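Below: one structure, written as structure tokens.
2 protein chains.
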Amino acid sequence: MSLPHVLLGLLHEIPRSGYDLARAMREELDPAWNAGFSQIYPALAGLRRRGWVALRVLGPLRGPRRHLYRLTAAGRRELRRWLGEIPPPPRHNDEGLARLAFLDALPIPERRKALLAADAALSTEIARLRALSPAGGFRSLARRAAIEEREALRRFLRAGGAAAPPSETGPRREARKKR
Amino acid sequence: MSLPHVLLGLLHEIPRSGYDLARAMREELDPAWNAGFSQIYPALAGLRRRGWVALRVLGPLRGPRRHLYRLTAAGRRELRRWLGEIPPPPRHNDEGLARLAFLDALPIPERRKALLAADAALSTEIARLRALSPAGGFRSLARRAAIEEREALRRFLRAGGAAAPPSETGPRREARKKR
DNA sequence: CTCGGCTATATCTGCATTGATATAGTTGTC
DNA sequence: GACAACTATATCAATGCAGATATAGCCGAG
Numbered sequence: 254m255s256l257p258h259v260l261l262g263l264l265h266e267i268p269r270s271g272y273d274l275a276r277a278m279r280e281e282l283d284p285a286w287n288a289g290f291s292q293i294y295p296a297l298a299g300l301r302r303r304g305w306v307a308l309r310v311l312g313p314l315r316g317p318r319r320h321l322y323r324l325t326a327a328g329r330r331e332l333r334r335w336l337g338e339i340p341p342p343p344r345h346n347d348e349g350l351a352r353l354a355f356l357d358a359l360p361i362p363e364r365r366k367a368l369l370a371a372d373a374a375l376s377t378e379i380a381r382l383r384a385l386s387p388a389g390g391f392r393s394l395a396r397r398a399a400i401e402e403r404e405a406l407r408r409f410l411r412a413g414g415a416a417a418p419p420s421e422t423g424p425r426r427e428a429r430k431k432r
Numbered sequence: 254m255s256l257p258h259v260l261l262g263l264l265h266e267i268p269r270s271g272y273d274l275a276r277a278m279r280e281e282l283d284p285a286w287n288a289g290f291s292q293i294y295p296a297l298a299g300l301r302r303r304g305w306v307a308l309r310v311l312g313p314l315r316g317p318r319r320h321l322y323r324l325t326a327a328g329r330r331e332l333r334r335w336l337g338e339i340p341p342p343p344r345h346n347d348e349g350l351a352r353l354a355f356l357d358a359l360p361i362p363e364r365r366k367a368l369l370a371a372d373a374a375l376s377t378e379i380a381r382l383r384a385l386s387p388a389g390g391f392r393s394l395a396r397r398a399a400i401e402e403r404e405a406l407r408r409f410l411r412a413g414g415a416a417a418p419p420s421e422t423g424p425r426r427e428a429r430k431k432r
């Protein structure tokens, strides 16, 4: 999808190896993006094919050989082009929201339990994000944005879950199964 | 992933065909889940194999033949089991957040432009979600939760984007609580 | 010296997801 | 009567992504 551009972004400041890139994603980009080696290595090959990165192989002076990738001028241009694009609306499936949508199917006491469990899980995840080592500049801005999102969801669950278990008030969907 | 359980959820109240399920996802579940026919039809076959749904074929009385699926008792049990599970923390890659994280790479005036564009895109998406026909019960709760998340992100971008463009020379606060 | 853990490369399998295509009847419009 | 839009089934290819595995050298602890 946009993994290639994420890699360009991570290579913007300093050259890195595939391994470095995986670590940087885990440590600097955590909630925003993640990818494993099986994606990163082929993606790097693609970037190279397009001339967006250049490869320098370091002989095994100390440890295993390293493949260091650095941005080319074309790569830098492409990164800036991508950043200037109109961002497409995110459309990923969210299991948590889907569960929430089907809570009608549970008897009332279990609904409560499920809502509490969802709240606890969110809380744990927020704590995890807060505990991550602070990444610099816009990286930390992105991370705080992610925390903000999750906290808004949690606030909503706590308020809405207690106040509005809307059963059959709304327009009951006509099943339109006549035939 | 959890598409099978989403289908069980949609079949909870009334039997539906594959086509109905696709429409229901678009209309009732919109930001929470989406899937095309190429996922739905094989998934339905899987549900049938597991005994969670039963199939009734309606002859072409009017129009093409319909394959109506309904939940079995085992399917109902499985749906409730899934809803009671501990929800896994969501971990999807978010292109919008990733872009935000790399805004360092743009010269300042273009950063502004990019932030404004992101805000506008968010605004459009929120308007789209608000305009969707209201789904009943917990469906609408899930949709409002999704809107809440997006609005929190937007608030953050408006505030943080204007007030705190943390440069790479910013105060590197490294001495958190050392323990 | 050995073992476990870390750095580092890379591949394979399988499932999830998207988008395109094929087939075919029904309904409504001009 | 032609044509478009909708209902309805289903498959295919390509890509995204997660998890496991293979190889191999380095380093510190015991």
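If you're matching them up, the sequences are chains V and Z in order.
Heads up: the first sequence begins at 254 in the working numbering, then just goes up one per residue.
Heads up: the second sequence begins at 254 in the working numbering, then just goes up one per residue.
Even for Gly, the Cβ is constructed at its ideal location relative to N, Cα and C.
Computed from a predicted model, the values in this text were never measured in an experiment.
With distances taken between CA atoms, A399 (chain V) lies nearest to Z:L350 out of Z:R396, Z:R334, Z:L350, Z:Q292. For H265 (chain Z), the C-beta contacts it makes with chain V under 9 angstroms involve F355, D357, A358, in order along the chain. Distances from the CA of L300 (chain Z) to each of Z:T325, Z:R318, Z:G289 were compared; the closest alpha carbon is that of Z:T325. Excluding its 5 nearest sequence neighbours in each direction, L311 (chain V) has C-beta neighbours in its own chain below 7 angstroms: R318, R319, L321, listed in chain order.
The CB of W286 (chain V) comes closer than 9 angstroms to the CB of N346, D347, E348, L350, A351, A354 in chain Z, given here in chain order.
When DSSP states are grouped into helix, strand and coil, L311 (chain V) belongs to the strand group. For H320 (chain Z), the uninterrupted beta strand (DSSP E) run begins and ends at 319-324, by DSSP. Inter-segment contact for the segment 262-275 of chain V and the segment 341-355 of chain V is absent: fewer than three beta-carbon pairs are separated by less than 8 angstroms. Around the beta-carbon of I361 (chain V), fewer than 16 other beta-carbon atoms lie within 10 Å, marking it exposed. Residues of chain Z with a Cβ closer than 9 angstroms to the Cβ of L369 (chain V) do not exist, since the nearest Cβ in that chain sits about 11 angstroms away. If you look at I293 (chain Z), you'll find it in the alpha helix (DSSP H) that goes 290-302.
One thing to note: L359 (chain V) has its Cβ no nearer than 7 angstroms to the Cβ of A296 (chain V). Here the alpha carbon of G390 (chain V) sits roughly 8 angstroms from the alpha carbon of A354 (chain Z). For S376 (chain Z), the enclosing alpha helix (DSSP H) starts and ends at 361-384.
Within the segment 320-340 of chain Z, the residues whose Cβ lies closer than 7 angstroms to some Cβ of chain V are L332, R333, L336, G337, I339, P340, listed in chain order. Sequence-distant partners of A327 (chain Z) (beyond 5 residues in either direction) whose C-beta falls short of 6 angstroms from its own C-beta, in its chain, are G304, W305. R333 (chain Z) sits in a helix when the DSSP states are folded into three classes.
With respect to L263 (chain V), A277 (chain V) sits close: the two C-beta atoms are nearer than 7 angstroms. Just so you know, the alpha carbons of L406 (chain V) and R323 (chain V) end up roughly 39 angstroms apart. Note on S376 (chain Z): under 16 other CB atoms within 10 angstroms of its CB, so exposed under the neighbour-count rule. Under the three-state reduction of DSSP, R269 (chain Z) is assigned to strand. By the Cβ neighbour-count rule, F409 (chain V) is buried, with 16 or more other Cβ atoms within 10 Å of its own.
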